[in-house]
Amino acid sequence: MTGRVAASSTEAGAGPRAADALETVWLTRFIAAVALLVAVGLAIDLGATKNFGWDAHVNCAAVDAHLVGLDPYFVKNLRDTELSYPYLPVTLDAFRPLCAGGFLVGHYRSIYLVLAVLCALLLPGLGNGRPGPHDIALRVVFAFGGFLGFEWIMATGNFAVLSGLLTATALALLLRSARSEGEGAFLPLLAGAAVLGLVTSFKLVFFPVLAALYFLPQKRHRKLILIAVAAAMFALPILISATLYASLFPSWLSAISGQIPGQHAPGNEVNPSLLFLALTLADHFALAGSKPVVAVLYAFAAVTFVLAPLAVSVWRMVRAENPSAKGSPLAMLDRWLIDHPGMAKRITVLAMYALYLCAPRLKEYAFFELALYAAVLVVDLPAAALAAVLTVAIVAPTLASISGNAFMGGFGQLATALVCFWILLPRRSAPSDLVVRAAGVEPAQRLRTAAQEHTSTHAQHRSDTSTTLPMPKPASVGMHYCKRA
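So for the sequence shown, my numbering puts the first residue at 448; every next one is plus one.
In structure tokens:
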């Protein structure tokens, strides 16, 4: 009898193990194919002979103009360009070491490759364990290939790769310390919030991303302190620019608002954002000149496509924990986030993704930073969801780009980012799986362990009591735990 129980237990465990092994092999091969595709795309970009990198040239031309006492916000003072400098005056001195000697302009492609790798390596996981080679490789692939963001950085030479590096640093500080207790453990969180606030000061439209810090698994007063620190760091470069660069600050305001006649204005550029989608729709009905109509369409798109799905998904999980709970919804959310730190960290990054995606000005190269947020979220997805995200976010746009399709010039990046956001949304039917994965334990492994423990307990009970009661089949035990999961 004992031999039959052991044999049946072995057969019950062999099936899931074989299925998991087959899934792992298939997924590894698929990721390798995606990585090869991304490598081909990078090779094509690096081998291009066209003179790209205009943003790097503009930025360094502005630094050079400032060095000789010229106002860098007037395009006529910049060498060999018709584009304007969009950053705060304080960045003119911050970027000076980067532009010294013309090294960055001449070698920005190789420099940006190294910086992108650093971004991927800095990105943290949602669990407590060290990331394995599989996770690191997946983040690197997503950083380079996600939404074609890095391809646009390589084409334009934009400094968004620097903000991506700071974003990865902020996420590492915030997520790796999110579960720690004590005053000493709060310092990395403060540092992460400060870095995140500094990042948003580069591009002011991304300021709402700071609100996502509220989803961290911390007490409410701590979260409000983190948001306040981030907001202060957002405002600090503006205050420094207004006080120490008083002669340049009005020029910066005029440049970014399009008040300098006869020159390029960043706010007038076409970009694949939800606001531009609303403008396009309003223009179709000859209402593009009506700002209230455009604002309503923009708000409707942001709420319908992004914010409402996120809010509904989170609230369903909170209510599913205790449907009959009474009290303030905000207090219930606070308790749930602290009780589920793994899921709280996931929702924090997903909220950053959502708020970033809703920005009114979302340039093509900005999708690189969006890909960094997604790279944190995709690692612990189930195989089918991971394959879907990789296909939508990397395979389809990369193939379109290699084939010369107009994907890069339309709303393709926005569409792929929205679809990936919907796939990444947590589902009420499987919150435990996401929490288990975030803790570094596969749900299938937990299932097999539980089934084996259950079978061993019954076998030991039969041996001790010498009863003739029928043993439950291991397969039925497996089904029992599947239903509970």
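Glycine included, each C-beta is placed from N, C-alpha and C at the ideal position.
The structure presented is a predicted model; accordingly, all values stated were derived computationally and were not measured.
| query | result |
| --- | --- |
| I need the boundaries of the alpha helix (DSSP H) containing Cys-805, first residue and last residue. | That residue, Cys-805, is in no alpha helix (DSSP H); it is neither H nor E in DSSP. |
| Exposed or buried, Leu-483, counting other C-beta atoms within 10 Å across all chains shown (16 or more means buried)? | exposed |
| Taking the alpha carbon of Ala-843 as the reference point, which residue from Val-472, Val-481, Thr-471 has its own alpha carbon closest? | Val-481 |
| Take the Cβ of Gly-604 as the centre, count every other Cβ of all protein chains shown within 10 Å, and call the residue buried at 16 or more, exposed below. | buried |
| Within 10 Å of its beta-carbon, does Asp-527 have 16 or more other beta-carbons around it, so buried, or fewer, so exposed? | exposed |
| Identify whether Ile-558 lies in helix, strand or coil by the three-state DSSP scheme. | helix |
| From the DSSP output, in three-state form, read off His-513 for me. | helix |
| With Lys-670 as the anchor, note down where its alpha helix (DSSP H) starts and where it stops. | 667-691 |
| I need the DSSP call for Ser-701, collapsed to helix, strand or coil. | helix |
| Which of the three DSSP states is assigned to Val-642 in this structure? | helix |
| Considering only C-alpha positions, which residue in the set Phe-597, Val-866, Tyr-812, Phe-662 is nearest to Thr-838? | Val-866 |
| Please look up how many angstroms separate the CB atoms of Leu-728 and Leu-744, rounded, as I've assumed it's under 8 Å. | 6 Å |
| Distance, Cα to Cα, Phe-868 vs Gln-860? | 12 Å |
| Are Ile-794 and Leu-804 touching if we call contact CB-CB under 9 Å? | no |
| How far does the alpha helix (DSSP H) with Ile-785 in it extend, from its first residue to its last? | 776-786 |
| In whole angstroms, what is the alpha-carbon distance linking Thr-475 and Ala-584? | 10 Å |
| Whole angstroms is fine: what's the gap from Thr-647's alpha carbon to Leu-618's? | 14 Å |
| Helix, strand or coil: which one does DSSP assign to Pro-578? | coil |
| Helix, strand or coil: how does DSSP classify Asp-880 here? | For Asp-880, the predicted structure reports a pLDDT of 40, less than 50, and the residue's modelled location is therefore unreliable. A value from the coordinates is still provided. The answer is helix: DSSP assigns Asp-880 an H, G or I state. |
| Assign Glu-900 to one of three DSSP states: helix, strand, or coil. | Any reading at Glu-900 needs caution, since the residue's pLDDT is 41, under 50, leaving its predicted position unreliable; the model's value is listed next. Three-state result, Glu-900: helix. |
| What does the alpha-carbon distance come out to for the pair Tyr-692 and Thr-538? | 11 Å |
| Go ahead and pull the three-state DSSP assignment for Glu-470. | helix |
| In three-state DSSP terms, what is His-711? | coil |
| Tell me which residue opens and which closes the alpha helix (DSSP H) that Pro-844 is part of. | 843-849 |
| Just to confirm, is the Cβ distance from Leu-663 to Leu-637 under 9 Å? | no |
| Count the other C-beta atoms from every protein chain shown that fall within 10 angstroms of the C-beta of Ile-841, then say buried if there are 16 or more, exposed otherwise. | buried |
| Quick check: the Cα distance between Trp-699 and Leu-645, rounded to an integer number of angstroms? | 18 Å |
| Is the separation between the beta-carbon of Ala-632 and that of Ser-624 shorter than 9 Å? | yes |
| Write down the C-beta distance between Phe-815 and Gly-548 rounded to the nearest angstrom, noting that I regard them as a contact closer than 8 Å. | Between Gly-548 and Phe-815 the Cβ distance is about 26 Å, and since that is not below 8 Å, they are no contact. |
| Please say whether Ala-822 and Leu-570 have beta carbons closer to each other than 9 Å? | yes |
| Helix, strand or coil for Glu-716, going by three-state DSSP, please let me know. | coil |
| If you draw a straight line from the C-alpha of Ile-432 to the C-alpha of Asp-786, how long is it? | The structure shown does not extend to residue 432, since the chain spans only 448 to 932, so no value can be given for it. |
| With a threshold of 16 other CB atoms inside 10 Å of the CB of Gln-665, please say whether the residue is buried or exposed. | buried |
| Pairs of beta-carbons, one from the segment 547-567 and one from the segment 769-782, closer than 8 Å: are there three or more? | no |
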